[in-house]
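Just below is one structure, and these are the notes that go with it.
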Amino acid sequence: MKKISLSLLMTALMLVTSVVFAAAQAPLTVDIYGPGQKLVNMTILPPRTLRTGRAIPVTAAEFDKVVRNDLSYIPFLKDVPMSQLLGGDPSKGVKGSDINFKPLQLAKVDLVMTTGWNGSNLEVRVYETFSGRMVVGKAYGQVEGKLVTRVADRFCSVLLEELSGKKGFFDSPIAFVKQLGKTKEIYTVLPQGRELTRITKLGGFNLSPTWSPDGSRVAFTHIGAKKHTLGVWDSKTGKITLRNNTLGQLVVSPEFLDNERIAVTLNKTGHSDIYLLNKEYKPVRTIVKSSYIDVSPSFDRTGTLMAFTSGRAGNPHVYTLNLKTGALKRVTITGKYNTHPCLSPDGRYIAYTHQTANGHRIFLHDLKTGREKQLTFGPGSDEYPAFGPDGYFVAFASNRSGEYKMYLTTRHGDTPKKLNTGNGSAFAPAWDTSLQR
Amino acid sequence: MKFRFSFALIALLSLVLLVGAGCAKKSTSSMPPGATKVKVEDKSDYSEDTVGEESQVDESTLAAEARKEAQARAVEEMQFRIHFAFDSYELNDEARMVLGRKAELMKEFPELTMVIEGHCDERGTEEYNLALGERRARAAFEHLVILGIEPERMSVVSFGEERPLDSGHNETAWAQNRRDEFKISY
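Below, the structure is given as structure tokens:
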């Protein structure tokens, strides 16, 4: 009897220890999408040479600068300078075995990045300091000239994908409207502030840019002296076509339903309704109509759910329409002015502008739970929310600095980061989400 | 009697001779050397009829000028703006009065055409404001059609919040900016 109980105890003990060991070996994962989202501290160690006696190339400093700038746009990543570590540089080389993780753990650093150079060949690694696990390890050749920024962007995309499970942030351009004197033209820029490109030179007002799901075209409203026109820019040829053969005087808030068809607000019967245009940009039918204003359609990735603004309840409010079942639902209940909805690509969240006594603020509505959350807090007016390709980042425009500029936050309402768009006011961001399809 | 007739004939002939000699003398002396002779003729015919006709032309130019002036005044008056409440495209009494006067003038000057521009204040959001501006322009358009103006003579366009009249950020500026503008051409 005693023997049996002893052996039972032994087995139980062994089981417990093996579980403890298993727990210790499981890699640390950062759930940035969870409600209890935490800040991830990261230290970037100075670049090293991979071949003794060979100098570190000058491009190393540039690479370092681009990576730091890119990662500064990730709200949950905090850059911890090496000066905060006890004993200075904790590494002797670029590999995990060359790094002393103890001072990093002591400084509460979660991730550490090393770069090693051999001429123009580059090796970049990111380790978790708690387990010593390598999160990302990449090698790049011919990292010179213009390729330095591209490689840095690509590496940051890989790192972000590893941390958040989604890719494409640093490679997905944002189309937006820029004030040039008394006219407004459309530009594109990468979220990290590079490759600012002007795509229209039409004069008048060019507004409401929107990407086709495959990222090959941008549609927008062109307002001339006497009427509105639908403009479509082709990203491959750079050509712009202006269409208004059958659209009428009002062409507002175009949005691609799929790669061929556009939904847009027209007024053909005395009230502004949302129409569906075929690939020849001719109206085929109304998607929603009422005797009030229906405007600003926004679709999920599958094109089944549409969010839009409607004045049918007396004041503008946000509604959804299921295009398959025809079910219409009012989303916003409070306030008197809720407009410009943007549906997240997965169709779960709607970001919209809610007017307060102190200007507009961006709110987030969770369609699954019905919960609402205020994402931005001014001052001034925060408008034009636009989801990024992963449905995690939210770009918007705000005049908090006195002039309208674009900012980046997340669906958790992280501290907004200003996007670099050069001189002049910037409005109406629209994110190319093709890399997530 | 015969004598009398011949005497008269001689007298006439001598007179003709005298005049002819005198003229010849004058022509040789009055022209300076090297000068060219210019024929001066007056073919004017001051008959009663033509005088009457000319005064009529004068009156019609005056009338045309007066009409032109009246038209210029009308064009100016037709550009009077109408204003709206926040997030509204309803025509108030004042707006209806202003539009009534526009209709009268449009009927008086059938050569005039009109672009009605709808504008909003900066407080709304851009896309909704573009639709709202169009409703404001269309409200004026429809009212004028009811008052008997041919729809072909008018068109509407919305500028949303893009062209504020007053760039201020207060209620006075916003009230100024929520408007319809009327651009007249002829």
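Keeping their order, the protein sequence lines are chains C and V. Just so it is clear: in the first sequence, position 190 is 505 by this note's numbering, and no numbers are missing. Just so it is clear: in the second sequence, position 52 is 56 by this note's numbering, and no numbers are missing. In this text, a Cβ means the ideal position worked out from N, Cα and C, and glycines have one as well.
Nonlocal neighbours in the same chain, by C-beta distance under 7 Å from residue i, ignoring five residues either side
i, result
"C:G650", "H669 and Q670"
"C:R383", "I359 and D394"
"C:C471", "V382, D385, L386 and F485"
"C:A743", "F491, V492, L522, S523, P524, Y699 and A712"
"C:K453", "V439, F470 and V473"
"C:R366", "N433"
"C:A376", "none"
Helix, strand or coil at residue i [DSSP, three-state]
i, result
"C:Q564", "coil"
"C:S659", "coil"
"C:T649", "coil"
"C:F416", "coil"
"C:G674", "strand"
"C:A454", "strand"
"C:G411", "helix"
"C:S625", "strand"
"C:R576", "coil"
"C:F692", "coil"
"C:T374", "helix"
"C:E570", "strand"
"V:L66", "helix"
"V:E138", "helix"
"C:L682", "coil"
"C:S749", "helix"
"V:A143", "helix"
"C:S398", "helix"
"C:R366", "coil"
"C:R758", "Because residue 758 of chain C is not part of the residues shown, which for chain C are 316 to 752, the question remains open."
For residue i: DSSP bridge partner residues
i, result
"C:K644", "C:T635"
"C:V427", "C:T358 and C:Y442"
"C:P598", "C:L592"
"C:R383", "C:R383 pairs with nothing; no bridge assigned."
"C:M721", "C:A712"
"C:G703", "According to DSSP, C:G703 bridges with nothing at all."
"C:R558", "C:L545"
"C:E687", "C:H680"
"C:N582", "C:S587"
"C:E698", "C:A712"
"C:L538", "The displayed chain sequence assigns Ile, not Leu, to residue 538 of chain C. Beta-bridge pairing links C:I538 to C:F520 and C:H543."
"C:F742", "C:V492"
"C:I665", "C:L658 and C:H680"
Of the residues the options, the one placed nearest residue i, counting alpha carbons only
i, options, result
"C:T687", "C:G693, C:T556 and C:F678", "Note that residue 687 of chain C corresponds to Glu in the displayed sequence, not to Thr. The shortest C-alpha separation from C:E687 is found at C:F678."
"C:Y652", "C:L511, C:T635 and C:G629", "C:G629"
"C:L475", "C:I389, C:T730 and C:L643", "C:I389"
"V:D184", "V:L103, V:I153 and V:R157", "V:L103"
"C:K554", "C:G662, C:S487 and C:G546", "C:G546"
"C:G519", "C:L658, C:R645, C:G539 and C:K461", "C:G539"
"C:R676", "V:G128, V:E138, V:L151 and V:E80", "V:G128"
"V:L148", "V:F186, V:W178 and V:S162", "V:F186"
"C:V533", "C:R663, C:H543 and C:I514", "C:I514"
"V:F88", "V:M82, V:F145 and V:N96", "V:N96"
"C:K423", "C:Q689, C:L401, C:N560 and C:E595", "C:L401"
"C:R600", "C:T536, C:I577 and C:D661", "C:I577"
"C:G626", "C:Y607, C:R663 and C:F378", "C:Y607"
"V:L109", "V:A135, V:E166 and V:E154", "V:E154"
"V:Y93", "V:T176, V:R139 and V:R167", "V:R139"
"V:H173", "C:G674, C:D747, C:G408 and C:P631", "C:G674"
"C:V373", "C:E459, C:I648 and C:C657", "C:E459"
"C:N637", "C:D609, C:S611, C:I602 and C:C657", "C:I602"
"C:S479", "C:G368, C:D549 and C:V451", "C:V451"
"C:K604", "C:K594, C:E575 and C:G641", "C:G641"
"C:T647", "C:K639, C:T624 and C:V579", "C:T624"
6 Å Cβ shell around residue i - same chain, five flanking residues per side excluded
i, result
"C:G456", "N436"
"C:K732", "Y388 and L723"
"V:T117", "R157 and S189"
"C:S749", "D529 and G530"
"C:P598", "Y590 and L592"
"C:Q399", "A422"
"C:T619", "L638 and K639"
Cβ shell of residue i (< 8 Å), same chain only, five flanking positions each side left out
i, result
"V:S33", "Because the pLDDT of V:S33 is 49, which lies under 50, any placement of that residue in the model is unreliable, and the number read from its coordinates should be weighed accordingly. Excluding positions up to five away in sequence, the list is empty."
"C:S659", "D615, I665, A666, F702, G706 and R726"
"V:A141", "I120, E121, G122, V160, V161, S162 and D184"
Check: residue i C-beta below 7 Å from any heavy atom of the ligand ATP
i, result
"V:Q75", "Of the ligands one can find in the structure shown there are none, so the ligand ATP has no counterpart to examine."
Chain A within 8 Å of residue i, Cβ atoms only
i, result
"C:P524", "No chain A appears in the structure shown, which is made up of the protein chains C and V."
Inset, instruction - Tell me the start and end of each unbroken alpha helix (DSSP H) in the segment 73-136 of chain V that is at least 4 residues and wholly inside, in chain order. - result: Listed in chain order, the complete alpha helix (DSSP H) runs (minimum 4 residues) inside the segment 73-136 of chain V are 97-112.
Q. Which ranges would you report for the beta strand (DSSP E) in the segment 145-188 of chain V if only whole runs of at least 3 residues count?
A. Taking only runs of at least 3 residues, the beta strand (DSSP E) segments lying wholly in the segment 145-188 of chain V are 158-164.
* To do: Could you name each continuous beta strand (DSSP E) segment of 3 residues or more that falls completely within the segment 462-530 of chain C, going from the start of the chain to the end?
  => You should have 489-495, 498-504 and 520-526.
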